[in-house]
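Q:
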Amino acid sequence: MSAEYAQPTADLSQARRDLDERGYCIVPNVLSRAEIAALKDRLVEQAAGERARGVAFHDGGPSRPNQRVWMLLNKGRVFRDLMLHPIVEALMGHLLGPDFLVSSFTANIAHPGGEPMVLHTDQGYVGFWTPRPVVANIAWMLDDFSEANGGTRLVAGSHLDQRATPRSSAYAPEEPANMPRLEDTIAAEGPAGSILCFDGRIWHGTGANRTDRPRHALLSYHCRPFIRQQENFTLGLDPSVREGERPALLNRLGFATWAGLGRVEAPRPAAPLFVTPGAVGPLGADGAPLESLT
Ligand SMILES: O=C(O)CCC(=O)C(=O)O
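If you're matching positions, the sequence shown starts at 14 in my numbering and goes up one per residue.
1) Once the 5 residues before and after alanine 346 are set aside, which same chain residues still bring their CB inside 6 Å of it?
2) Comparing the CB of asparagine 222 with every heavy atom of ligand 1, is any distance shorter than 7 Å?
3) Which value, in whole angstroms, describes the spacing of the CA atoms of alanine 149 and arginine 194?
4) Can you tell which of Gly206, Arg145, Ala69, Ala61 has the C-alpha that lies nearest to the C-alpha of aspartate 212?
5) Threshold first: 4 residues or longer. Then list the alpha helix (DSSP H) segments lying entirely within the segment 80 to 120, N to C.
6) Looking only at its chain, what residues have a beta carbon closer than 7 Å to the beta carbon of glutamate 128, apart from the 5 residues adjacent to it on each side?
7) Please state whether the Cβ-Cβ distance between tyrosine 18 and alanine 177 is less than 8 Å.
8) Taking the alpha-carbon positions, what's the aspartate 24 to proline 99 distance?
9) Going straight from the alpha carbon of valine 131 to that of glutamate 258, what length do you get?
10) Under 8 Å between the Cβ atoms of histidine 124 and proline 252?
11) Between the Cα of leucine 155 and the Cα atoms of Ala205, Val68, Leu32, which residue gives the shortest distance?
12) Helix, strand or coil, according to DSSP, for histidine 124 in the structure here?
13) Only counting the same chain, and skipping five residues up and downstream in sequence, which positions put a Cβ closer than 8 Å to that of isoleucine 49?
14) Nearest to threonine 22 by alpha carbon, out of Ser233, Ala61, Val40?
15) Whole angstroms are fine: how far does the CA of arginine 64 sit from the CA of glycine 291?
16) Any chance you could list the beta strand (DSSP E) runs of at least 3 consecutive residues sitting entirely within the segment 160 to 186, in chain order?
17) Rounding to the nearest angstrom, what Cα-Cα distance links proline 179 and cysteine 210 in this structure?
18) Could you check the C-alpha separation between valine 147 and aspartate 299 for me, to the nearest Å?
19) With 16 as the cutoff for other CB atoms within 10 Å, does methionine 105 come out buried or exposed?
20) Short check: CB of tyrosine 113 to CB of arginine 237, under 8 Å?
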């Protein structure tokens, strides 16, 4: 990559500048070899299990070689621990403010033969340019990322281009006046254990994997606390996981109220963690439940 693009940096002040100016940053050596191995082993096993069970999800072009694995937070403590890694707070706190949420945590295994993903922004559904991002991503590289193996393609600086903002709030946003093209992109590259962090307004997509080995990545998608999350953790998080989980993680998953949002019954600012909903049903004037109305 030339100097006009963000260079990999361990200096978090520089990384934050890259995010502001280029819309992305690459931080090397975030994960140790042992962490990479533990995450990758669990992911590979889970992906095989989902194929064996007939529930695997594939994309990446007509032959659909790539495999996505959803809802990683139900699929191993090793994934849940990662959401409390200090780099998440260091970068997402910068982009989205201190009370950001995990919107989804998934994996993309880009296999040989995978075609470039349609370029998109991750907040296209907003329908207008926002002066700050409302969502942002971290791609955790479990293999070396290269141009050849499908390293995420990015249009550097496109987060600041208001004319490149998708124009509708529909599920499939309308193309903007200044639609970026694949030729405008560069590939994010870095050794396994690096992260690519990017602003939700930047145009990007998975690259084509032209090698003979899969490219494993975890994708943690984060949002400001007033944005609807991509994965519904209050419905989907396994109750047995929820019961044993750390409040710090549950709060990041949206089990806390924020500015009165996400509440059940009256806002209870002194008790931010709603693990037990405590909903009140229909009551008679004497306070007894009205069974006939439920
Ligand atoms: O896997 C990648 O490199 C990026 C994936 C992506 O852009 C997406 O899932 O929206």
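Each residue gets a CB set at the ideal place from its N, CA and C atoms; glycine is no exception.
The structure presented is a predicted model; accordingly, all values stated were derived computationally and were not measured.
A: In short:
1) Since the first residue of the chain shown is 14 and the last is 307, residue 346 is not available in this structure.
2) no
3) 21 Å
4) Arg145
5) 90 to 95, 99 to 109
6) Gly73, Gly74, Ala221
7) no
8) 14 Å
9) 36 Å
10) no
11) Ala205
12) coil
13) Leu155, Ala205, Gly206
14) Val40
15) 39 Å
16) none
17) 21 Å
18) 46 Å
19) buried
20) Per the sequence shown, residue 113 should be read as phenylalanine rather than tyrosine. Yes.
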